[in-house]
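S.K.:
In this note's numbering, the protein residues as written are 7 to 139.
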């Protein structure tokens, strides 16, 4: 199984997600980037097993990264989840229309972040099957 890509412009939040994933028992390498261009560069050279994108990334938004992943990458079926602070219906709809597999609103506590990470691990890394390319 490949690495997990976490793209978030807030380094502290990205590290919190990476720590929560480890706390939840995820053994995959977690690669953190802080802008959309770095996310695309990583995706051009690696095949992660899961992508977690903040919606408001500098240089290239999370939705633009997702659009690139779905339309132009070599691995368009990689599960990609938006992990963002917005709970707006318009943002949620936009994410799904571009090809998000899920939309997660960032929890407000570390305990809730670990609970979310466990749910992500159980569904996306344990039970879900993606096509291999």
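Even glycine gets a Cβ: it sits at the ideal position worked out from N, Cα and C.
Any idea which residues DSSP pairs residue 89 with across the strands?
M.R.: Paired residues: 110.
S.K.: Residue range of the beta strand (DSSP E) that residue 13 falls in?
M.R.: First-last of the beta strand (DSSP E) with residue 13: 10 to 13.
S.K.: Please tell me whether residue 88 and residue 11 are closer than 9 Å, where the distance is taken between their beta carbons.
M.R.: Taking 9 Å as the Cβ cut-off, residue 88 and residue 11 do not qualify as a contacting pair.
S.K.: Give me whichever residues DSSP pairs with residue 38 in a beta bridge.
M.R.: According to DSSP, residue 38 bridges with 12.
S.K.: Tell me the rounded alpha-carbon separation between residue 36 and residue 18.
M.R.: Looking at the two C-alpha atoms, the distance is approximately 14 Å.
S.K.: Compare the beta carbon distance of residue 68 and residue 101 with 9 Å and say whether it is the shorter of the two.
M.R.: Going by C-beta atoms, residue 68 is nearer than 9 Å to residue 101.
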